[in-house]
Amino acid sequence: MEPPIIDVHVHAFPDDVAKRVTEALRARYGVDGFYPCTVESLLEVMEGTNVSVGIIQIYANSPDKVRLLNDWGAEVSIRERPRIYCFGTIHPDMENPIEELERIAKMGLKGVKFQSTAQRFRPDEPRLFRIYEKMAELKLPALFHAGGERKHVDPIYAPPRSFVEVLSSFPELNVILAHLGGYRMWDQLRAILDFKNVYFDTSATNNELSGSTLKRIIELLGFDRVMYGSDFPWFDYRKELDGIKNLQISEEEKRKILWKNASRILKIPYTALA
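Taking the working numbering, the leading residue of the sequence shown gets 64, the next gets one more, and so forth.
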């Protein structure tokens, strides 16, 4: 029996939204996804690659979409569990974010995803601090897009150093930084290494980094803090997964990245992985 795999960073949207999201990203960055941005497509890819659990990272690019997307995520989580879990979304400009966080927790969503480029904010803006405080109280982890983008954007809203004040001010908040802490900004990671409440996913890195460089960055971050993420549907799924499986590290270190850390940090029960 193959060991389980948890993919902590995938994207999918309601069918009527998925096409618009793909078109918007094509217009903004000039890239297409490898797969349709739907739950059906995600499940097909998971089945074909023996991935046990996928965690959909929902984000709203405008305040009026928050509640609708959270409702959808809760419905998908119930319908597709234990294969699919979802993070909810909060928009920095929305009214009553505290009330929505309480709803996210009540609906059983696993955390909150922030996308600084799409939502146009820096993680260390003081207006977000009451949101982080409430998330820590509710024990909702935060997953942030970190670093740059596939196509150059200006400004870069979430360089690694923009998380220093968040991590120091909210030590009870578990923070997951996508793309190994800073997409195309991996030379700046030392600013955040000493914080005990920061974790990382590998999404979108195997298409950028050689195996030796990927290994070196993961060793720097620590094998107990890194989780596998693919960034489905934007990259070749098999390449993202094989990049981790083929690393020159021990089998136990691979197990930590591929499922053990995510099971522990995100409280995914082992029974869900059978």
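C-beta atoms are modelled at their ideal positions from N, C-alpha and C, and glycine is treated no differently. The structure displayed is predicted, hence computed values, not measured ones.
Under the rule that 16 or more other beta-carbon atoms within 10 Å means buried, what is Ile223, buried or exposed?
-> Here residue 223 turns out to be Pro, not Ile, going by the sequence shown. Pro223 is buried by the Cβ-count criterion.
Any idea if Glu212 is buried or exposed, counting beta-carbon neighbours within 10 angstroms, 16 or more meaning buried?
-> buried
Is Asp299 helix, strand or coil by DSSP?
-> coil
Is it right to say Lys319 is buried, meaning 16 or more other beta carbons lie within 10 angstroms of its own, or is it exposed?
-> buried
Specify whether the segment 232-251 and the segment 74-89 touch according to this definition: at least 3 beta carbon pairs, one from each stretch, less than 8 Å apart.
-> no
So which of Glu162, Ser140, Pro204, Tyr220 has the shortest CA-CA distance to Asp187?
-> Tyr220
Taking Cβ to Cβ, would you say Ala325 is nearer than 9 Å to Ile121?
-> no
Could you give the DSSP three-state label for Ile281: helix, strand or coil?
-> helix
Leaving out five residues before and five after Asp264 in sequence, what residues of the same chain have Cβ atoms less than 8 Å from its Cβ?
-> Val71, His72, Leu206, Ile239, Leu240, Ala241, His242, Leu243, Val289, Met290, Tyr291, Gly292
Out of Asp127, Ser125, Glu143, state which residue places its alpha-carbon closest to the alpha-carbon of Ile119.
-> Glu143
For Phe286, the three-state DSSP class (helix, strand or coil) = coil
For Ala181 and Leu272, the rounded distance between their alpha carbons = 24 Å
Given that a residue counts as buried once 16 or more other Cβ atoms are within 10 Å of its Cβ, and exposed if not, what is Gln251?
-> exposed
C-alpha distance - Val229 paired with Phe192, whole-angstrom precision = 8 Å
Per DSSP, cross-strand counterpart(s) of Asp264 | Met290
Per-residue burial, Tyr300 [other beta carbons within 10 Å of its own, 16 or more giving buried] = buried
Where does Lys323 land, buried or exposed, given buried means 16+ other C-beta within 10 angstroms?
-> buried
Best match in Ala123, Asn159, Gly174, Pro234 for proximity to Tyr148 [C-alpha to C-alpha] | Gly174
Hey, quick one: how far does the beta strand (DSSP E) through Ala205 stretch, first residue to last?
-> 205-207
Lys302 classed as buried or exposed, judged by whether at least 16 other C-beta atoms fall within 10 angstroms = exposed
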